[in-house]
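Here the structure comes first, spelled out in structure tokens, and everything after it is commentary.
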Amino acid sequence: MSNDSFTADISNTDMNTCKDVCLRNCSCKAALFRSGLNSFTGDCYLPSEIFSLANNEKDKTRYDFQEFIKIQEPEPAVHIPKIFLNGVILGSIIGSSIFGIIIEITVFIFWKKKRKTNEEEEDYLDHVPGISTKFPYDDLKVATENFTKKLGE
Numbered sequence: 222m223s224n225d226s227f228t229a230d231i232s233n234t235d236m237n238t239c240k241d242v243c244l245r246n247c248s249c250k251a252a253l254f255r256s257g258l259n260s261f262t263g264d265c266y267l268p269s270e271i272f273s274l275a276n277n278e279k280d281k282t283r284y285d286f287q288e289f290i291k292i293q294e295p296e297p298a299v300h301i302p303k304i305f306l307n308g309v310i311l312g313s314i315i316g317s318s319i320f321g322i323i324i325e326i327t328v329f330i331f332w333k334k335k336r337k338t339n340e341e342e343e344d345y346l347d348h349v350p351g352i353s354t355k356f357p358y359d360d361l362k363v364a365t366e367n368f369t370k371k372l373g374e
């Protein structure tokens, strides 16, 4: 690489500033910092394409080159705090339990109302003239000797 083959993007800067400028620029792939042998300031090159680098012989060029190639780190996994997860799990369990209890109470109330309605209808039918008498199943089983004998004959 010849010393004047391209122009500096930032002149009279330090090495850290050169690196930071490249890190903040998405299209920057590398930062080259060229300074005098005993100098902390120099030129910053931000090539948009990476090229092959030649060996810098300091005693001939009288420059010190530092190259920083930017590599992309994988994005860290989203960290969800354990306390939040525990709260979500606990809230789901409690919410589901309460919902289940409400469903059970609702079903019980409807069942109770239906049973009460059926009993009222049965009581009403007991007072209607001409309706035959009702007998419990166990009484009929005993009276017919396990349903082997006909009644009323």
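In my numbering, the protein residues as written are 222 to 374. The beta carbon of each residue, even a glycine, is placed where N, CA and C say it ideally should be.
DSSP-derived helix/strand/coil call for residue i
{"i": "E288", "result": "strand"}
{"i": "L267", "result": "coil"}
{"i": "F261", "result": "coil"}
{"i": "F368", "result": "coil"}
{"i": "D235", "result": "strand"}
{"i": "F356", "result": "coil"}
{"i": "V363", "result": "helix"}
{"i": "V242", "result": "helix"}
{"i": "T228", "result": "coil"}
Burial state of residue i, where buried means 16 or more other Cβ atoms lie within 10 Å
{"i": "D359", "result": "exposed"}
{"i": "S313", "result": "exposed"}
{"i": "G263", "result": "buried"}
{"i": "L244", "result": "exposed"}
{"i": "C247", "result": "exposed"}
{"i": "R336", "result": "exposed"}
{"i": "F254", "result": "buried"}
{"i": "S256", "result": "buried"}
{"i": "A364", "result": "exposed"}
{"i": "T228", "result": "exposed"}
{"i": "T234", "result": "buried"}
Beta strand (DSSP E) runs contained entirely in the region 308-338, provided each spans 3 or more residues: none
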